[in-house]
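Participant: In this note's numbering, the protein residues as written are 791 to 1006.
Structure provided below as structure tokens; questions to follow.
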Amino acid sequence: MRVNPCGDQAVIIDLLPEDAHAVNGTILDAVLALNSSIMGRQIPGIVDTVPAAQSLLVTFDTQVLTPEAFTEILGAISLSPDSRATSEATETIEIPVTYDGPDLEDVAKHTGLSVAEVISTHQATTWTAAFGGFAPGFYYLIPNTPLWDIPRLQTPRTKIPAGSVGLAGEFSAVYPQQSPGGWQLLGTTDIAMWDLDRWQPSLLKPGNSVRFVQVK
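This is the structure in structure tokens:
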């Protein structure tokens, strides 16, 4: 665990071991458990926490709590396997997908699979919402077991429709709104990833399990 300053009102706690080369579910579990432990203590002066795939950003009201004082408190928080198991966001979200994306054949060529095998593998995989991205409701999803390393498009598209399901690197994701992007697109979903009329606008939160289900 490494604690690094992020300005004068925040720190980033990095839980990725120095000899690790990729994000995995165990590290994400540790991040979520640490976040749960910190928030459960209701430490005065903490303004917000933002979990990511391998790190946790903690911001402060420095008139109440300094980053240095928080770092001392952090030393008393233990991350045992049991505490990791208490991470709260264990709900599984199913996302219906029509696999009609323009990049299916390119992904198949890159992976050495058929289009049907790409679709079946994407569906059979349990994904975990690791961290939020560039837009509200956009989450980077990591697979429960390593799958592919899919290159982004050499020339990003200027308009990707809302609901597009894509791959990039080791991640999958759903675009919550129309936007530019360079991910390889597998298909689309009608489900809203971000809806201000819902009690929780974002469909996903860190730690959720995600399964993609093909629309017949």
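Yeah, the Cβ is synthetic: ideal placement off N, Cα and C, and Gly gets one too.
Among all the DSSP beta bridges, which residues are the ones paired with A800?
Facilitator: T849
Participant: Report all residues from its chain with a CB closer than 7 angstroms to the CB of S969; omit the five preceding and five following residues, and keep chain order.
Facilitator: A925 and I950
Participant: List the DSSP bridge partners of W917.
Facilitator: Per DSSP, P933 and V1000.
Participant: Out of Q913, A866, G902 and G865, which has the shortest C-alpha to C-alpha gap to E884?
Facilitator: For E884, the nearest C-alpha among the options comes from Q913.
Participant: Nearest to R942 by alpha carbon, out of Y929, W973 and V908?
Facilitator: W973
Participant: State yes or no: is the C-beta of V1020 within less than 9 angstroms of the C-beta of W938?
Facilitator: Residue 1020 is absent from the structure shown; the chain starts at 791 and stops at 1006.
Participant: So the candidates are Y930, T888, A952 and G927; which of them puts its Cα closest to the Cα of S910?
Facilitator: T888
Participant: With DSSP as the reference, identify every bridge partner of F961, one or two as the case may be.
Facilitator: Note: F961 sits in a beta bridge opposite A958.
Participant: So which of D804, Y965 and G835 has the shortest CA-CA distance to A820?
Facilitator: D804
Participant: Report buried or exposed for T918, applying the criterion of at least 16 other Cβ atoms within 10 angstroms of its Cβ.
Facilitator: buried
Participant: So, with DSSP's three-state summary, where would you put D872?
Facilitator: For D872, the predicted model reports a pLDDT of 46, less than 50, meaning its position is unreliable and no value from the coordinates is stated.
Participant: Spell out the partners DSSP gives P841 in its beta bridges.
Facilitator: DSSP, once it has assigned bridges, lists L846 as partnering P841.
Participant: Mark D872 as exposed unless 16 or more other C-beta atoms lie within 10 angstroms of its C-beta, in which case mark it buried.
Facilitator: Residue placement at D872 cannot be trusted, given a pLDDT of 46 that sits under 50; the coordinates are not used to answer.
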